[in-house]
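Chains as they are written, first to last, in UniProt numbering: chain A, 1 to 596; chain B, 1 to 596. A virtual CB, placed ideally from N, CA and C, is assigned to each residue, including glycine. Take a look at the structure below.
Shown next, in the form of structure tokens:
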């Protein structure tokens with residue numbers, strides 16, 4: 001169950017698709033060129049392959065456990081997290097001012113993938129801490145920043161996001177946790193939060209909970225929600241830890257996957273009130289939360305790519321080792337490794353094409369994020385922000401949905417052995433299923449894509465992307481290779497399908513919301529499919545050039561074959577999706593609830 | 001987690017699609033008309049809903065356990081199996097001569113679904129016993145039949161299928177278990193078998209193992225494999241149980257799902273040799289095994305439908321109960337049950353359409369089985385046999401693959417709660433994953449579809465089915481309703497895609513096997529999709545007629561809506577599959593094994 005980080009593919013994307021040179025031309029990122037990327041990724045691979053990956057299966061066998069309010073993580077996790085923190089990995093993308101490395105997301109996202117391939121359960125702790133850091137950077141007062149940020153960035157403390165309550169999941173307007181203002185400017189927080197990832201654990205000295213709650217007298221609904229910092233231990237003026245706060249873990253969940261990651265039920269204020277500190281202004285909590293959620297959503301998309309990569313590597317290994325049946329073409333006159341069988345190749349190529357396609361998409365989105373946040377030119381920032389915002393639901397939704405298919409194929413390649421837990425393939429299948437659910441289900445991502453990302457600007461951003469795809473088609477045709485022409489043909493068909501759907505969505509969201517939202521998830525899948533296929537089309541062009549220059553023949557030929565496979569087998573789904581979206585809304589909505 | 005057998009849908013299929021009247025016109029089935037079907041299904045539902053279904057989640061929590069060679073099943077299983085046997089359910093489809101009820105598969109298949117919806121792990125014991133009965137009926141000597149059949153049919157003893165060995169899974173030519181002839185005509189069997197479902201348990205007095213092994217000196221490969229009966233306890237002349245045979249369970253597997261079903265490693269002959277009795281003739285074992293495997297494959301397909309139905313019912317219940325967010329169309333001015341949200345409806349309709357489509361396909365296939373085996377006219381038998389044989393890989397492959405998607409959607413509808421084991425939705429997701437693997441993986445089904453079912457007759461049977469689909473299209477158009485016309489349009493597109501692929505398969509299997517087998521699973525998915533959609537098209541016609549006659553309006557309207565949904569959202573995938581099969585083989589086979 002070893003893991004090898006796909007550095008070559010990552011660096012190919014970072015160099016040729018994301019354009020690290022352009023990122024490094026942004027002030028502040030001068031040192032973040034290809035060489036840095038390579039050095040960082042190699043160090044990252046070392047720690048994760050050697051220390052964190054071996055704990056993945058261990059965490060499945062020996063999950064986090066709860067006793068009397070104390071959560072004990074899987075043996076080895078605490079020490080591994082210490083190494084992770086000491087290596088400076090928690091601060092990789094965070095500001096130098098607070099002890100971070102200040103690297104661009106273009107590099108950081110690849111590190112996030114490596115960590116999550118190594119151990120998704122483990123990786124959730126840093127992922128949530130990133131979210132807490134993001135929230136404090138965005139909206140925290142200077143005082144809060146001074147108290148909390150450095151400790152979070154160093155990995156000495158960890159962070160959580162406390163949104164969900166039993167009655168409030170996707171619908172945060174139903175949040176009931178309440179905060180009472182105190183004379184000293186702090187608040188007392190009362191309520192129950194569920195599904196809190198790493199809400200309690202033994203890997204850090206303190207846990208900084210970011211909590212959504214209502215201040216007394218706040219308006220009903222989402223406009224009355226505020227964001228609070230509620231630390232597990234109060235912090236003294238000198239930064240040392242003070243009294244235990246009134247937030248307690250009353251249980252952790254028994255889950256299908258990511259078992260090592262403790263999912264806590266947290267009780268706030270059962271003994272007089274948990275001390276909390278307002279982040280930003282009252283009643284703007286959801287707005288701040290969305291900022292950190294966007295970062296977390298992108299990261300969850302990367303988790304999908306990560307678990308897909310791990311499942312792929314495992315399946316390839318098994319397919320090369322397992323000997324069974326003669327090849328159908330008679331090329332070997334004896335039982336052969338199953339990788340010689342066309343259907344096994346088809347499964348492996350499907351896993352590979354999805355994973356590489358989504359990785360390319362995520363890498364390009366990361367570069368847009370960097371430009372959107374740090375480019376000196378306002379127009380460039382705006383343009384990149386629109387692109388990145390469009391990408392977030394695709395990276396989150398498409399990459400996680402594809403990870404379900406990929407991890408299922410991973411089990412399938414193993415045959416009966418795949419169903420035996422000790423083999424390890426089943427863990428990826430079980431772990432992956434959370435990804436389409438947390439940080440907003442695929443439907444929530446699709447609502448975002450339809451409402452905020454497509455209908456709001458009348459489909460402009462979407463059409464802009466389609467125009468870029470068209471340019472890639474032209475370049476593919478101009479390149480003169482048959483393979484490129486095939487990919488161009490499939491890209492074109494997918495793009496035309498996409499445009500039809502964008503017109504449908506932009507034109508009908510207000511007038512016929514039921515019709516549009518009936519096709520929202522298929523729209524997301526079509527858009528994600530197109531963008532991932534487009535990036536592989538770009539990759540094919542690069543690979544053709546590199547081949548012509550005699551660069552890394554084996555890698556470039558594989559990239560071309562993978563792009564072609566993606567076009568033939570995955571992009572070819574796009575026109576069917578268009579049909580079901582544009583023609584299929586009536587049948588989604590035909591039955592009344594009582595007819596089910 | 002209650003379960004209600006979908007009797008109305010089952011009886012609709014049995015009456016209108018499978019044509020129970022025609023089945024009941026076959027000599028021997030005179031009493032097996034619609035009334036009998038209804039009475040049997042109602043009794044079946046009673047036992048399963050009341051006794052067997054409540055043990056499903058229990059079996060997941062408290063799986064079968066092994067200690068010192070003894071397997072103890074989940075508390076309650078032994079008593080439930082006693083009730084199952086005493087009710088005569090094991091013998092439902094087996095000959096009256098051996099104590100069975102002699103009912104047609106058209107009725108029996110519905111009972112198989114009910115049992116598997118109630119409890120897939122439990123149902124595997126009867127399923128394997130059915131296989132053992134089938135093998136003995138097909139090839140057993142009169143003596144073997146006399147000793148074993150009645151006890152198996154009554155459920156007093158149970159049966160197993162012993163095929164797999166560590167090195168021999170899909171490739172049975174690699175079987176090494178050996179059988180040494182003894183002077184008294186029996187054999188001594190030596191070897192290790194793995195993945196033996198209910199290979200050891202405490203629910204019956206004796207276990208009758210059907211074992212593939214090689215007689216000394218037999219030819220290499222599949223032509224040297226024979227089939228043996230190896231009972232757990234030897235049977236005395238008077239039918240009483242004698243000495244313990246030398247077959248022992250050395251461990252059971254730790255699996256992702258169907259945990260209550262013990263999956264045994266059996267050791268034969270470690271203490272001098274397990275006594276075995278040859279079934280039929282030496283070296284024809286695989287042929288006999290294929291007969292029982294065909295029955296088992298059909299049954300596993302029904303398991304897919306069963307677990308999909310159970311997941312659907314659970315998801316519907318949750319979607320009606322869980323209140324979250326306002327409907328997008330503003331029809332309710334408050335948070336509403338999530339079944340009001342279009343994407344939840346889309347998910348539920350997808351689950352329902354797949355399940356009803358596959359159920360209809362399986363029901364029609366069952367009627368063909370009955371005619372193929374029992375119709376007095378030889379031509380009719382032959383025609384139905386060809387149809388049934390074509391259906392087996394579709395029922396097995398398509399119904400189980402769809403069950404992965406349906407059980408995944410089942411979890412998804414539950415949101416975060418779906419990932420918590422106590423909710424129960426995750427169990428269906430974990431259980432279902434074995435279905436695309438055992439009794440021949442989807443790829444093995446697809447090989448069968450390509451080789452024996454399509455290429456062998458030059459696509460004749462396939463084209464015959466396409467011609468029948470075309471007739472349904474014509475009838476849909478002639479019916480005059482808009483909905484029927486839409487379904488006809490999608491059916492036509494899917495049928496034309498299917499014909500292209502059949503031509504591709506029939507024309508290239510010999511000359512370009514790698515190209516054809518690269519698309520074998522997509523071909524299976526396309527064929528299954530078409531046939532299930534076709535049956536729902538037929539169902540729509542019936543429902544329109546019934547509506548016109550004022551019959552059961554709610555049910556008939558739902559059937560029409562489901563058929564329409566199937567056409568819009570699932571049949572619409574067919575043309576894309578054609579493209580990836582016919583154009584996509586090169587990219588499947590492009591990379592050499594070392595490039596992975």
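Run the CB neighbour count on residue 332 of chain B, radius 10 Å, all protein chains shown included, and call it buried at 16 or more, exposed below. For the purposes of this step, residue 332 of chain B is identified with residue 332 of the second chain, where counting begins at 1. Flag for residue 332 of chain B reads exposed.
Starting from the N-terminal side, write out each stretch of the alpha helix (DSSP H) that is 4 residues or longer and does not extend beyond the segment 46-127 of chain A. 55-61, 77-86, 105-118
Given residue 59 of chain A, which residues of its chain have a CB within under 6 Å of its CB, disregarding the five upstream and five downstream residues? Start at 1 with the first residue of the first chain, and residue 59 of chain A comes out as number 59. 74, 121, 260.
Candidates B/402, B/91, B/200, B/423: closest to residue 598 of chain B by CA position: In the structure as shown, chain B begins at 1 and stops at 596. Residue 598 of chain B is therefore absent and cannot be evaluated.
Residue range of the beta strand (DSSP E) that includes residue 491 of chain A: On the first chain, residue 491 of chain A is found 491 positions in, with the first residue counted as 1. That residue, residue 491 of chain A, is in no beta strand (DSSP E); its alpha helix (DSSP H) goes 482-508.
Whose Cβ in chain B lies nearer than 9 Å to the Cβ of residue 521 of chain A? Locating residue 521 of chain A in the first chain gives position 521, where the first residue counts as 1. Under the 9 Å cutoff, chain B gives 343, 346, 347.
Since residue 267 of chain A sits in a beta bridge, which residues does DSSP pair it with? For the purposes of this step, residue 267 of chain A is identified with residue 267 of the first chain, where counting begins at 1. A/192, A/248.
Does the CB of residue 297 of chain A have a neighbour CB from chain B at under 8 Å? Taking the first residue of the first chain as position 1, residue 297 of chain A is located at position 297. No - not a single Cβ of chain B is within 8 Å of the one on residue 297 of chain A.
How about residue 64 of chain B: is its C-beta nearer than 8 Å to some C-beta of chain A? As a position in the second chain, residue 64 of chain B is number 64, starting the count at 1. No, its Cβ sits nowhere closer than 8 Å to a Cβ of chain A.
Determine the extent of the beta strand (DSSP E) in which residue 213 of chain B is found, giving its start and end residues. In the second chain, the residue the question calls residue 213 of chain B occupies position 213. Looking at the DSSP string, the run of the beta strand (DSSP E) that includes residue 213 of chain B is 206-215.
Same chain, Cβ closer than 6 Å to residue 177 of chain B, neighbours up to 5 away in sequence not counted: Mapped onto the second chain, residue 177 of chain B falls at position 177. Only 191, 213 meet the Cβ criterion.
Within chain B, partners of residue 324 of chain A - CB distance below 9 Å: The residue you call residue 324 of chain A lines up with position 324 of the first chain. Those are 167, 168, 169, 170, 171, 174, listed as they occur along chain B.
Pick out whichever of B/519, B/288, B/16 has its Cα sitting closest to the Cα of residue 367 of chain B. Here the question's residue 367 of chain B lines up with position 367 in the second chain. Nearest C-alpha to residue 367 of chain B: B/16.
Residue 397 of chain B lies in the alpha helix (DSSP H); which residues open and close that run? Counting from 1 along the second chain, the entry for residue 397 of chain B is found at position 397. It spans 378-413 - the alpha helix (DSSP H) in which residue 397 of chain B sits, taken as one unbroken run.
8 Å Cβ cutoff, residue 58 of chain A in contact with chain B: On the first chain, position 58 is the one that residue 58 of chain A refers to. It does not: the Cβ of residue 58 of chain A has no partner Cβ on chain B nearer than 8 Å.
Which ranges does the alpha helix (DSSP H) cover as unbroken runs of at least 4 residues, wholly within the segment 415-453 of chain B, from first to last along the chain? 425-432, 442-450
Along chain A, which residues have their Cβ under 7 Å away from the Cβ of residue 583 of chain B? Along the second chain, one-based indexing puts residue 583 of chain B at 583. Simply 568.
At least three beta-carbon pairs within less than 8 Å, the segment 452-470 of chain B to the segment 372-389 of chain B: yes
Short CB-CB distance (under 8 Å) between residue 184 of chain B and chain A: Locating residue 184 of chain B in the second chain gives position 184, counting from the first residue. For residue 184 of chain B, the answer is no, since every Cβ of chain A falls outside 8 Å of its Cβ.
Which same chain residues end up closer than 6 Å to residue 387 of chain B when comparing Cβ atoms and leaving out the 5 residues on each side of it in sequence? Stepping through the second chain from its first residue, residue 387 of chain B is reached at position 387. So the list reads 368, once near-sequence residues are dropped.
Among B/55, B/9, B/77, B/106, whose alpha-carbon lies nearest the alpha-carbon of residue 19 of chain B? Locating residue 19 of chain B in the second chain gives position 19, counting from the first residue. Comparing Cα-Cα distances from residue 19 of chain B to each of B/55, B/9, B/77, B/106, the minimum goes to B/106.
Tell me residue 197 of chain A's beta-bridge partners as DSSP assigns them. Indexing the first chain from 1 puts residue 197 of chain A at position 197. A/263, per the DSSP bridge assignment.
Short-range partners of chain A found in the segment 426-437 of chain B, where Cβ spacing is below 9 Å: 426, 427, 429, 430, 433, 434, 436, 437
Selection from A/25, A/112, A/5 that minimises the alpha carbon distance to residue 377 of chain A: The sequence position of residue 377 of chain A within the first chain is 377, counting from 1. Ranking the options by Cα distance to residue 377 of chain A, first place goes to A/25.
Residues bridged to residue 226 of chain A [DSSP beta-bridge criterion]: If you number the first chain from 1, residue 226 of chain A lands on position 226. Answer is A/213.
Taking the C-alpha atoms as reference points, what is the distance between residue 79 of chain B and residue 112 of chain B? Residue numbering aside, residue 79 of chain B sits at position 79 when the second chain is read from its first letter. Residue numbering aside, residue 112 of chain B sits at position 112 when the second chain is read from its first letter. About 19 Å.
Where does residue 463 of chain B sit, in a helix, a strand or coil, going by DSSP? Here residue 463 of chain B refers to the residue found at position 463 when the second chain is read from its first residue. Correct three-state label for residue 463 of chain B: helix.
Under 8 Å between C-beta atoms, does residue 222 of chain A make it to chain B? Reading the first chain from its first residue, position 222 is the one you call residue 222 of chain A. Answer no: the Cβ-Cβ gap between residue 222 of chain A and chain B never drops below 8 Å.
Can you give me the C-alpha to C-alpha distance between residue 541 of chain B and residue 479 of chain B, rounded to a whole angstrom? Residue mapping note: residue 541 of chain B aligns to position 541 of the second chain, counting from 1. Residue mapping note: residue 479 of chain B aligns to position 479 of the second chain, counting from 1. Using only the alpha carbons, I get a separation of about 8 Å.
Could one say the Cβ of residue 533 of chain A lies closer than 8 Å to chain B's Cβ atoms, at least one of them? The sequence position of residue 533 of chain A within the first chain is 533, counting from 1. Not one chain B Cβ lies under 8 Å of residue 533 of chain A.
Cross-strand partners of residue 600 of chain A (DSSP beta bridge): Nothing can be reported for residue 600 of chain A, as the shown portion of chain A is limited to 1 through 596.
On the criterion of 16 or more Cβ atoms from any shown chain inside 10 Å, does residue 569 of chain A qualify as buried, or is it exposed? Position 569 of the first chain, counted from the start, is the residue given in the question as residue 569 of chain A. Classification for residue 569 of chain A: buried.
Quick test of your reading: residue 431 of chain A and residue 258 of chain A, contact by CB under 8 Å. State the CB separation rounded to the nearest angstrom. The count along the first chain starts at 1 and reaches residue 431 of chain A at position 431. The count along the first chain starts at 1 and reaches residue 258 of chain A at position 258. Between residue 258 of chain A and residue 431 of chain A the Cβ distance is about 5 Å, and since that is below 8 Å, they are a contact.
Do you know offhand how far residue 154 of chain B's Cα is from residue 128 of chain A's? Counting from 1 along the second chain, the entry for residue 154 of chain B is found at position 154. Counting from 1 along the first chain, the entry for residue 128 of chain A is found at position 128. Straight-line Cα distance between these residues: approximately 58 Å.
Stretch pair the segment 406-423 of chain B + the segment 429-449 of chain A: three plus CB contacts closer than 8 Å: yes
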